[in-house]
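Residue numbers (my numbering): 2 to 103.
Written out below as structure tokens is the structure these notes cover.
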Amino acid sequence: MTFASPLGPRLPSPGAPGASPLSPQTLSPQPLSTQPLSPQTASQHTLTPGQVAAMFNVNPKTVARWASSGLLGAIRTPGGHRRFREADVVELLNRRTPAHGA
């Protein structure tokens, strides 16, 4: 007796017949709006995509799209994760939030 996986059919292993010739590098190019994390920027307070998303009440994927489009500058950690300067996030938050009494 065989059971069907609730996740659907399995994909072939890399290098197996029928596997995709695309590598992870060709699927995820680094956007121009990011820069590597340097000792200079490491000393600044940075936020994760989840923290930024909570501040704007949006999904973290939305924050990633903002970084990809250049709306919000991002820093890449050595592991490839995005971090955002707190000052940049606060500036964007102030631009997107109308002032009281205006």
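A virtual CB, placed ideally from N, CA and C, is assigned to each residue, including glycine.
Please read all numbers here as calculations on a predicted model, not as lab measurements.
Legend entry - beta-carbon VAL64 near the ligand MN non-hydrogen atom, thresh 7 Å: The model on display carries no ligand, and the ligand MN is accordingly not part of it.
Inset, instruction - Could you give the DSSP three-state label for THR49: helix, strand or coil? - result: The residue you call residue 49 lines up with position 48 of the sequence shown. THR49 falls in the coil class under three-state DSSP.
Legend entry - Pairwise C-alpha distance: TRP67 and THR49: Locating residue 49 in the sequence shown gives position 48, where the first residue counts as 1. Locating residue 67 in the sequence shown gives position 66, where the first residue counts as 1. So the alpha carbons of these two residues sit roughly 13 Å apart.
Legend entry - CB contact flag (HIS46, GLU87, <8 Å): Against the sequence shown, residue 46 aligns to sequence position 45. Against the sequence shown, residue 87 aligns to sequence position 86. Closer than 8 Å, so yes.
Inset, instruction - Please go through the same chain and pick out, in chain order, the residues whose beta-carbon is closer than 7 Å to the beta-carbon of THR27, but skip the five residues on each side of it. - result: As a first step, residue 27 is located in the sequence shown; it is residue number 26 there, counting from the start. Unreliable placement is indicated for THR27, whose pLDDT of 35 sits below 50; the coordinate value is still reported in the next sentence. Closer than 7 Å at the Cβ level, and outside the excluded window around THR27, lies no residue.
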